[in-house]
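FYI, the numbering for the sequence shown is 527 to 594, going by the working numbering. Ideal Cβ placement from N, Cα and C applies to all residues, glycine included. Each remark here refers to the structure printed beneath this line.
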Amino acid sequence: AVVATSQALEVAMHGRAALAIVDLFLVVQANIAMPLAVHVLLRALRGDLDHADLDPLTALLNRRAFRR
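This is how it looks when you write it as structure tokens:
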């Protein structure tokens, strides 16, 4: 974020303030959104992983459960 801020200030000094603001916003947004998206994805897949050993039709153990 420090590098993005310094680069945005340098771009703004050359008279492109709108471009600097947009660039800084995109960098900050990517740095916040990416970890959040990974966390949500891992949390969603955790439930599937817990039930991966059970057959959905019979609720009995499937082949994956016996290969561990």
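- Rounded to whole angstroms, the gap between the alpha carbons of Met539 and Pro561 is 31 Å.
- In this structure, Asp581 lies near Leu587, with their beta-carbon atoms less than 9 Å apart.
- For Asn557, the uninterrupted alpha helix (DSSP H) run begins and ends at 543–576, by DSSP.
- In this structure the region 534–548 does not touch the region 563–575; the number of beta carbon pairs closer than 8 Å is below three.
- Residue nearest to Gln555 within the set Ala591, Ala530, Ala585 is Ala530 (criterion: CA-CA distance).
- Assigned with DSSP and collapsed to three states, Leu580 falls in strand.
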